[in-house]
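Worksheet for the structure shown next.
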Amino acid sequence: MKRVIEIAKPATMKLRHHRIIQSFFILVFIPTLLSAIYLWGFAKDKYVSSMSFSVRTESMQSATDLLGGLSSITGSSSSDVDILTQFIESGDLIETVKETIDIAEVFSSAWPVDFVFAFNPEGQFEDLQEYWRSSVLTSTTNGIVTLSVTTYDPQSSYDITNAIYEASRDLINRLSEEAHSDATRFSREELRLAEARLTKAREEMTNYRLQAQIIDPNATLEAQMGILTNLQSQLAEADIQRALLTRTGSGTGPRIDEIDRKTAAIKAQLEIEQNKFARGGKGPGGEDYATVFARYEALASDMEFSQ
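Mapping the sequence shown onto my numbering, position 130 (from 1) lands on 754, and the numbers just tick up by one.
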């Protein structure tokens, strides 16, 4: 059996190979070449001006904050930073900067040579705002705002950066003044309400003192306890005298009768004084001492808190 060895023919370009090469030229080589020609032949140099600054917010506390930390008058500095970054991207800032700098002329200085990256001077305000957002960038790190402005002229970049900073500073100062004004107005309202509460508490205390016919329940209680102690001492002394007379005599006689009457009177008076502390007792103003002290302590607490 004979074997036939065939020699491979030279490789030739197929249709698919030509299409791959054409695709490479169309999709890669030609765009890269055109981009290089545009960047080196038509695109103009741009200059970046950067600035970093921080926003500090002084917090203010009301009287209730000192007691319980219930509220805060002003927001945190992070909220001010968010407001500031949104303001830098807004059309209001563009209008403010346009008062001193012709932004459209600055951004379109390379038009129509650099027709890809330059701003079309015939564009509307919305186009200018969109171009502004791509040329004026902000970033925030730990409360520090970094501002970058890109234009075709270094002096213009610097001037726009300063104009943005001045407008941002005016905004923050205005917000701080409004917050301070709100805090002052809130404090005055708190002071007015506190004075009204204190006046009302004092009037209620005065009316209750007139009603209860008592100035200081603590002093009255000390006097009442002194009366009870004195009556108990007299009762003990009378019991001792009667015991001595009983041991030395027959247990009857005028002196023993007198001591018994005295003892009965002391016990009756002692019962009257003790009933003043019981429920339904007749203390100052016709109320028992427990009720008097409960109402007085409530009024005293209200007045102390108001003060």
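Where is the CB? At the ideal position from N, CA and C, for every residue including glycine.
Return the CA-CA distance between Ile784 and Phe653, expressed in angstroms with no decimal places.
On the sequence shown, residue 784 is found 160 positions in, with the first residue counted as 1. On the sequence shown, residue 653 is found 29 positions in, with the first residue counted as 1. Going by the C-alpha atoms only, they are around 39 Å apart.
Please report the straight-line C-alpha distance between Gln779 and Tyr789, rounded to a whole angstrom.
Residue numbering aside, residue 779 sits at position 155 when the sequence shown is read from its first letter. Residue numbering aside, residue 789 sits at position 165 when the sequence shown is read from its first letter. Cα-Cα distance, rounded: 15 Å.
Can you tell which of Phe649, Arg793, Val737 has the C-alpha that lies nearest to the C-alpha of Ser618?
Because residue 618 is not part of the residues shown, which for the chain are 625 to 931, the question remains open.
Helix, strand or coil for Thr770, going by three-state DSSP, please let me know.
Against the sequence shown, residue 770 aligns to sequence position 146. Thr770: strand per DSSP, three-state reduction.
Determine, using beta carbons only, whether Glu775 and Leu761 come nearer to each other than 9 Å.
As a first step, residue 775 is located in the sequence shown; it is residue number 151 there, counting from the start. As a first step, residue 761 is located in the sequence shown; it is residue number 137 there, counting from the start. In the sequence under discussion, the amino acid at residue 775 is Thr, which differs from the Glu named in the question. It is not a contact, given that the beta carbons lie outside the stated cut-off.
Please give the ranges of any beta strand (DSSP E) in the stretch 846-885, keeping only runs that are unbroken, at least 3 residues long and fully inside the region.
If we require 3 residues or more, the stretch 846-885 turns out to have no beta strand (DSSP E) run fully inside it.
Output needed for Asp738: all residues of its chain with C-beta closer than 7 Å, excluding positions within five of it in sequence on either side, in chain order.
Reading the sequence shown from its first residue, position 114 is the one you call residue 738. If we look at Asp738 and ignore the five residues flanking it on each side, its Cβ neighbours are Phe666, Ala667, Lys668.
Could you have a look at Ser673 and say whether DSSP puts it in helix, strand or coil?
The residue labelled residue 673 in the question sits at position 49 within the sequence shown. In this structure, Ser673 counts as strand in the three-state DSSP scheme.
With burial defined as no fewer than 16 other Cβ atoms inside 10 Å of the residue's Cβ, what is the status of Trp664: buried or exposed?
By one-based count along the sequence shown, residue 664 stands at place 40. Exposed, since its Cβ has fewer than 16 Cβ neighbours within 10 Å.
Based on the DSSP output, what are the partners of Thr762 in its beta bridges?
Locating residue 762 in the sequence shown gives position 138, where the first residue counts as 1. Leu771, per the DSSP bridge assignment.
What first and last residue would you give for the alpha helix (DSSP H) that runs through Arg827?
As a working mapping, residue 827 is identified with position 203 in the sequence shown. The sequence shown places Glu at residue 827, not Arg. Start and end: 778-836.
Please classify Val672 as buried or exposed, where buried requires at least 16 neighbouring CB atoms within 10 angstroms.
Against the sequence shown, residue 672 aligns to sequence position 48. When all chains shown are included, Val672 counts as exposed.
Starting from Trp664, trace the alpha helix (DSSP H) in both directions and tell me its first and last residue.
Taking the first residue of the sequence shown as position 1, residue 664 is located at position 40. Trp664 -> alpha helix (DSSP H) spans 654-665.
So for Ser647, helix, strand or coil by DSSP?
Counted from its first residue, the sequence shown places residue 647 at position 23. Here Ser647 sits in helix by DSSP.
Within a Cβ cutoff of 6 Å, which residues of the same chain sit near Thr844, ignoring the five residues on either side of it in sequence?
Taking the first residue of the sequence shown as 1, we reach residue 844 at position 220. Contacts found: Ile838.
Would you decide whether Ile574 is buried or exposed? Buried here means 16 or more other CB atoms lie within 10 Å of its CB.
No information on residue 574 is available, as it lies outside the stretch 625 to 931 that the chain covers here.
Can you grab the Cα-Cα spacing for the pair Arg809 / Thr823, in whole Å?
By one-based count along the sequence shown, residue 809 stands at place 185. By one-based count along the sequence shown, residue 823 stands at place 199. Cα-Cα distance, rounded: 21 Å.
Specify the secondary structure class of Ser733 as computed by DSSP and reduced to three states.
Along the sequence shown, one-based indexing puts residue 733 at 109. In this structure, Ser733 counts as coil in the three-state DSSP scheme.
Which class does Ser714 belong to by DSSP, given the choice of helix, strand or coil?
Taking the sequence shown and counting its residues from 1, the one referred to as residue 714 is at position 90. Ser714 falls in the coil class under three-state DSSP.
Can you tell me which of Ser759, Val705, Val730 puts its alpha carbon nearest to the alpha carbon of Ser800?
Working through the sequence shown from its first residue, we reach residue 800 at position 176. The shortest Cα separation from Ser800 among Ser759, Val705, Val730 belongs to Val705.
Drop a sphere of 10 angstroms on the beta-carbon of Ala742, count the other beta-carbons inside from all chains shown, and report buried for 16 or more, exposed for fewer.
Reading the sequence shown from its first residue, position 118 is the one you call residue 742. By the neighbour-count rule (16 or more Cβ atoms within 10 Å), Ala742 is buried.
When DSSP builds the beta bridges, which residues end up paired with Ser678?
Stepping through the sequence shown from its first residue, residue 678 is reached at position 54. Answer by DSSP bridge pairing, in chain order: Ile768.
Figure out for me which residue from Thr872, Leu859, Arg833 has the closest Cα to the Cα of Val916.
Translated into positions along the sequence shown, residue 916 becomes position 292. Considering only alpha carbons, the answer is Arg833.
With three or more beta-carbon pairs closer than 8 Å as the criterion, would you say the stretch 636-650 touches the stretch 709-724?
no
Here's a check: name, in chain order, each residue in its chain whose Cβ is nearer than 6 Å to the Cβ of Ile645, leaving out the five neighbours to either side.
Numbered from its first residue, the sequence shown carries residue 645 at position 21. Cβ within range, chain order: n/a, list empty.
Check each candidate in Thr872, Asp863, Lys670 and name the one with the smallest Cα separation from Lys886.
Residue 886 sits at position 262 when you count from the first residue of the sequence shown. Nearest to Lys886 by alpha-carbon distance, out of Thr872, Asp863, Lys670, is Asp863.
Just to confirm before moving on: does the CB-CB distance between Gln865 and Ile883 stay below 9 Å?
The residue labelled residue 865 in the question sits at position 241 within the sequence shown. The residue labelled residue 883 in the question sits at position 259 within the sequence shown. For Gln865 and Ile883, yes; Cβs fall inside 9 Å.
Report the residue from Ala860, Leu869, Gly877, Lys638 whose alpha carbon sits nearest the alpha carbon of Ala888.
The sequence position of residue 888 within the sequence shown is 264, counting from 1. Cα-wise, what sits closest to Ala888 is Ala860.
Using three-state DSSP, classify Ile896 as helix, strand or coil.
The count along the sequence shown starts at 1 and reaches residue 896 at position 272. Ile896 falls in the helix class under three-state DSSP.
As a quick exercise: from Glu921, Ala787, Glu719, Ser811, pick the residue whose alpha carbon is nearest that of Ala825.
In the sequence shown, residue 825 corresponds to position 201, counting from 1. Minimum Cα distance to Ala825 is reached at Glu921.
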